[in-house]
Amino acid sequence: MTMRFFDPTRREVMAGLGASVAGLVVGAAAPPTAARLALQARSATLVLKAGQPATPIWELAAASSAGDVHLKRGDRCEVSFRNDLPVPVAPAWYGLDGASAAEPLLARAAVTSGGTETSILSMPHAGTLMADLRLLDDDLKQPVRPLPIVVQEADPAGVDRDELFLVEDWRLAPDGAAIRPGASGGEIAPVFTVNGKIAPDFILRANERLRLRLINGCQRAVVAVKFDGVDVLVMALDGQPAEPFIARNGALVLAPGSRADVFLDGTAAPGSAAPILLHDGKEARPVARLVTSAEPPLRPSRLSPPAALPSNGLPANLDLRSALRFDVALGAAEAGWVRPSSFPASSAPAFRAKAGRTVVLAVKNPGPVATVFHLHGHHFRLLDRLDDGWKPYWLDTLAVEPGQTQRIAFATTASGRWLIESVAADWAAPRLVRWYAVE
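Once you know that position 334 of the sequence shown is 347 in the working numbering, the rest is easy, because the numbers rise by one and skip nothing.
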């Protein structure tokens, strides 16, 4: 799978293709405040083809609001979850470090149909998160939409507006029904939506600054998103602040579950529009437009370059010399990978580490297609090829090309039992899991 939008360099491309519950909160910015969030797994519909009836799907949604979910860093949040789907589901959070008591399959069983559970989740970090029900997608009868979660910084980020850009892909049967991931068949060309819509517009006034939170909510697809004619300043990856850098040629590559916060300044001519392109490894297609409003400029000139987003308190340095080192072969049955529906919590872990140690994983993809690796519980640094340093950002999700090995490092700041996910970038591929222990 080769994307030709740009030639990746250290500072110009994200890796993608390339805290505890009711306990200690690592890196919290302030004493926690009370918040409540009611979530619901439910049936819904979505218009996936113009001129045709809406397609039945499933979704994870905020039960009390059709809008976005916004929390604050340091919140201690009471989360109630109701499952109104006909099958058990296991909610999982992308980007929420340290919540071991909420870890699906290990600390919490799947929620049965009609069941409700309540948990207390601390929000130790600001950033873009994603709550998801697709861990048990073998048992799902419909594709499921994830729910973006925005955890805001204590201080304003210096933008005029803050919006989501959730990319999702859909496969349709000849009768128009949506096909669940892990199943073969359906249209060869997928249907892509952004924020649940076909080809929406994102509007900027001249000299306005927009924070756009890109989320790859696709089921299996690694995608590149390209903005024409505008500087795309990358400020955060996978919910953690990055050393700001300009995406080369305005393009970013996102693995399923990856997130990227970018700043866009309105610099085009008033009344103009430029396509936002998506490439799924096979073809590029417009999925949205960036429109410059015909209104007068918001201010006389564009804003000065922003400072980096405030740190979430992850360690500035990792001790690679004394790190514990382990090999992880993605998807290899002999290595203990199983489907989540068959996962035994009593199985042997992929590795064990003492809290406070640095762990280096050699993540190898022995398969014939790109495979996505997702680490629960911690964010990691992507190491340089010579293992003598790391990229200037944190990740929790990484796509590894066929036959390649990527080395990552993280500090074991959160004790508990944590999942590791592996899924090939192919619609019909099964999701697989293992686990690791921090003691």
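Quick reminder that beta carbons are idealized off the backbone N, C-alpha and C, glycines included.
From the listed residues L432, L399, A424, the smallest Cα separation to W407 is found for A424. Nearest to A450 by C-alpha distance, out of R444, E116, V102, L59, is E116. Beta-bridge pairing by DSSP links D214 to R302.
A check of alpha carbon separations from V180 across R158, W431, D278 identifies R158 as the nearest. By a beta-carbon distance limit of 8 Å, A281 does not contact V247. Their separation comes to about 20 Å. Remark: C-beta atoms of R174 and R121 do not approach each other more closely than 9 Å. Within the DSSP bridge table, the entry for D274 names R226, A249 as partners.
DSSP, reduced to helix, strand and coil, places N220 outside both helices and strands of the structure shown, so it counts as coil.
The beta carbon of V82 is closer than 6 Å to those of A75, I162 in its chain, skipping five residues each way along the sequence.
Measuring C-alpha to C-alpha distances from E130 to each of A383, A358, S93 identifies S93 as the nearest. Its chain contains D151, G195, R352, V436 as the residues whose beta carbon lies nearer than 8 Å to that of P443, once the 5 sequence neighbours on both sides are disregarded; these appear in chain order. Around the beta carbon of A264, 16 or more other beta carbons sit within 10 angstroms, so the residue counts as buried.
Judged by beta-carbon spacing, R224 lies within the 9 Å limit of F276, meaning their Cβ atoms are closer than that value. Ranked by Cα distance from P169, the options K85, L311, P156 are led by K85.
In this structure, DSSP gives G429 an extended state, which the three-state scheme calls strand.
Going by DSSP, C90 is part of the beta strand (DSSP E) stretching over 88-96.
Using a 10 angstroms sphere on the CB of D274, the tally of other CB atoms reaches 16 or more, which defines it as buried. Scanning its chain for C-beta atoms nearer than 8 Å, with the 5 sequence neighbours on each side dropped, one finds around W431 the residues S113, E116, L119, L388, H389, G390, H391, W448, Y449, A450, V451, in chain order. Taking all protein chains shown into account, R272 has 16 or more neighbouring C-beta atoms within 10 Å of its C-beta and is therefore buried. For S113, the three-state secondary structure derived from DSSP is helix.
Between the region 291-307 and the region 362-377 there are fewer than three C-beta pairs closer than 8 Å, too few to call the two in contact. Looking at the DSSP output, Y449 bridges to W431. Looking only at W350, A366, K367, the smallest Cα-Cα distance to S360 is reached by W350. Here L146 carries a coil assignment [DSSP, helix/strand/coil]. Bridge partners of D332 according to DSSP: none are assigned. Residue environment for N96: buried (at least 16 other C-beta atoms within 10 angstroms of its C-beta). Judged by their CB atoms, F178 and L227 are nearer to each other than the 9 Å cut-off.
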